[in-house]
Amino acid sequence: MTIASFDHLGLVEPLRRALRDAKYETPTPIQAQSIPHLLLGRDLLGCAQTGTGKTAAFALPMLQLISEAKLPLRRNAPRALILAPTRELANQIGESFRTYGRHMRVSHTVAFGGVSIVHQIRAMSRGVDILIATPGRLLDLMNQRHVFLDKLEIFVLDEADRMLDMGFIPDVKRIIAALPQKRQTLFFSATMPETVTGLANSLLRNPMAVTVSPVSSTAEKVEQKVLFVERDNKETLLLSLMKDVKISRALIFTRTKHKANRVAEKLNKNNILAEAIHGNKSQGARMLALKNFSAGRARVLVATDIASRGIDIKGVTHVINFEMPMEPEAYVHRIGRTARAGAAGIAISLCDGEERSILRAIERIIKVSIPVDVEHPFHAAHLANGPAGRSGGGPRRFNNQGGRPFRPARPQGNRSYASR
Ligand code: AMP
């Protein structure tokens, strides 16, 4: 079990205060590993996806470096650029800068396609420190001479593999050609296909490399199954699952703090010792819960995704998704908590009618069709077979063989929600 704190990463007080406001207590692994190096100006190659805390890993040091230099704003010439493949991601990154930079005087703006360019032009002519943009719109702004990148100090390329999938690499290369040689570069990608590695090599200088939970290796080691069940039957199903003595150390995930408490209470009432951790608990209470779980005094730890970040517990035999995660990427992180250090692990997901679409999104990410367990007493066949259920042939029986390769629907250069 490792818990570090934000106090030892070299971050200045206004940032630490913003982190306290946001109720972040422990850095995620990518934050702990990257922030000190980024503050020293090093390049970074980050193999990480959304859900790992990668945004704060780059946003915090960027805010600090930009604010420390105390340079006046320049019109049309941002000091830092973050390139993101979709407007959703660009917006999300913008939100993060707002959250983390709230006690600092560093400005940022977000520019993406599909909306009027006028506002973005105005923002650029007033001058911003940090520009977050999708490639197409940035090129438009550059071509119209509203953005100049020759003075750029920090360049971040986020989700490079998705840029590739969406056909943006030529645009990205055009943008890169406009960057100065002397700069700090941060490169993030969830996967590293050859084209992406080639691009990274051409951009980075002596980078620090950080890899967190690569999707495929984590997902491959874990035996996964999904149990379709009506929401109202989930608690009873969980109790019935817990009769299996092989579940000796289970990490159960819920979406909300309230649900985490409720599930833990239900288990305790049924003599299954459970602890809950979530953001409303004090650091002391969380430490105690973790200690009880790690030492085997509690058989179950119920956690929310956020509360479970940055903790590493050995010997988890089962991860149970009582509720599917909000973000498909979080699934990979959850199940990665079992099957650590080469040990076998089992991940069981309870999926109700509303969660089927997220299940499909998860399967696309992990490129595996998660086997369906139809043998349990609360199997909701209509959910497994329904319109958003398995297409072609209904549910597959759980066969202990792990997932079958699944051919994902590739994002077909879906420009409708991308830039331009
Ligand atoms: P990201 O991977 O950057 O998209 O972050 C995923 C989510 O985790 C976001 O909602 C962040 O607000 C949250 N988050 C990031 N770092 C931490 C942390 N150290 N503690 C708690 N929450 C975090």
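Everything in the sequence shown is counted per my numbering, starting at -3 for the first residue and increasing by one. Using N, Cα and C, we set each Cβ at its ideal position, and we do this for glycine too.
Note down the Cα distance separating residue i from residue j, rounded to an integer number of angstroms.
i, j, result
"residue 397", "residue 364", "Bear in mind that the predicted position of residue 397 carries a pLDDT of just 34, short of 50, making it too unreliable to give a figure here."
"residue 413", "residue 228", "With a pLDDT of only 26 at residue 413, under 50, the local geometry of the prediction cannot be trusted, and no value is derived from it."
"residue 296", "residue 199", "46 Å"
"residue 145", "residue 79", "12 Å"
"residue 119", "residue 35", "27 Å"
"residue 2", "residue 379", "44 Å"
"residue 93", "residue 266", "45 Å"
"residue 356", "residue 178", "43 Å"
"residue 129", "residue 86", "6 Å"
"residue 298", "residue 273", "6 Å"
"residue 33", "residue 60", "13 Å"
"residue 40", "residue 349", "41 Å"
"residue 362", "residue 186", "11 Å"
"residue 189", "residue 196", "11 Å"
"residue 53", "residue 15", "12 Å"
"residue 391", "residue 373", "Any reading at residue 391 needs caution, since the residue's pLDDT is 36, under 50, leaving its predicted position unreliable; the model's value is listed next. Those two C-alpha atoms are separated by around 16 Å."
"residue 416", "residue 293", "Note that residue 416 scores 29 on pLDDT, short of 50, meaning its location in the model is unreliable; the coordinates nonetheless yield the value given after this. Rounded to the nearest angstrom, the two C-alpha atoms are 55 Å apart."
"residue 275", "residue 138", "43 Å"
"residue 55", "residue 96", "8 Å"
"residue 114", "residue 65", "30 Å"
"residue 11", "residue 369", "46 Å"
"residue 83", "residue 24", "25 Å"
"residue 67", "residue 271", "50 Å"
"residue 69", "residue 44", "32 Å"
"residue 169", "residue 301", "36 Å"
"residue 239", "residue 31", "44 Å"
"residue 58", "residue 247", "35 Å"
Tell me, to the nearest whole angstrom, how far the beta carbon of residue i is from that of residue j; I am working on the premise that it is less than 8 Å.
i, j, result
"residue 347", "residue 224", "6 Å"
"residue 431", "residue 149", "Outside the shown range of the chain, which is -3 to 416, sits residue 431, and nothing can be said about it."
"residue 126", "residue 99", "At roughly 16 Å, the Cβ-Cβ gap does not stay under 8 Å, so residue 126 and residue 99 are not in contact."
"residue 180", "residue 331", "No, residue 180 and residue 331 are not in contact; Cβ-Cβ is about 34 Å, not under 8 Å."
"residue 167", "residue 135", "6 Å"
"residue 184", "residue 226", "In fact, because the Cβ distance is near 39 Å, the residues do not count as touching under 8 Å."
"residue 101", "residue 63", "7 Å"
"residue 106", "residue 74", "Rounded, the Cβ-Cβ distance is 12 Å, inconsistent with contact."
"residue 28", "residue 5", "7 Å"
"residue 313", "residue 243", "6 Å"
"residue 89", "residue 222", "No, residue 89 and residue 222 are not in contact; Cβ-Cβ is about 32 Å, not under 8 Å."
Compute the distance between the beta-carbons of residue i and residue j, then report whether it is under 9 Å.
i, j, result
"residue 142", "residue 171", "no"
"residue 279", "residue 91", "no"
"residue 160", "residue 192", "yes"
"residue 48", "residue 208", "yes"
"residue 26", "residue 37", "no"
"residue 435", "residue 256", "Here the chain covers residues -3 to 416 and nothing more, so residue 435 does not appear."
"residue 290", "residue 277", "no"
"residue 164", "residue 132", "yes"
"residue 325", "residue 46", "yes"
"residue 218", "residue 341", "yes"
"residue 319", "residue 359", "no"
"residue 354", "residue 316", "no"
"residue 251", "residue 322", "yes"
"residue 231", "residue 206", "no"
Which residues share a DSSP beta bridge with residue i?
i, result
"residue 159", "DSSP output for residue 159 lists no bridge partner at all."
"residue 180", "150"
"residue 221", "344"
"residue 317", "249, 345"
"residue 105", "127"
"residue 42", "184, 206"
"residue 79", "129, 153"
Examine ligand 2 and report whether any of its heavy atoms sits within less than 8 Å of the Cβ of residue i.
i, result
"residue 327", "Within the structure as shown, ligand 2 is missing, the only ligands being ligand 1."
Closer than 9 Å, CB to CB, is residue i near chain B or not?
i, result
"residue 375", "No chain B is part of this structure, which consists of one protein chain only."
Worksheet item: In chain order, which continuous runs of the alpha helix (DSSP H) of length 4 or greater are located wholly inside the region 255 to 309?
Response: The DSSP assignment places complete alpha helix (DSSP H) segments of no fewer than 4 residues inside the region 255 to 309 at 279 to 290, 301 to 304, in order along the chain.
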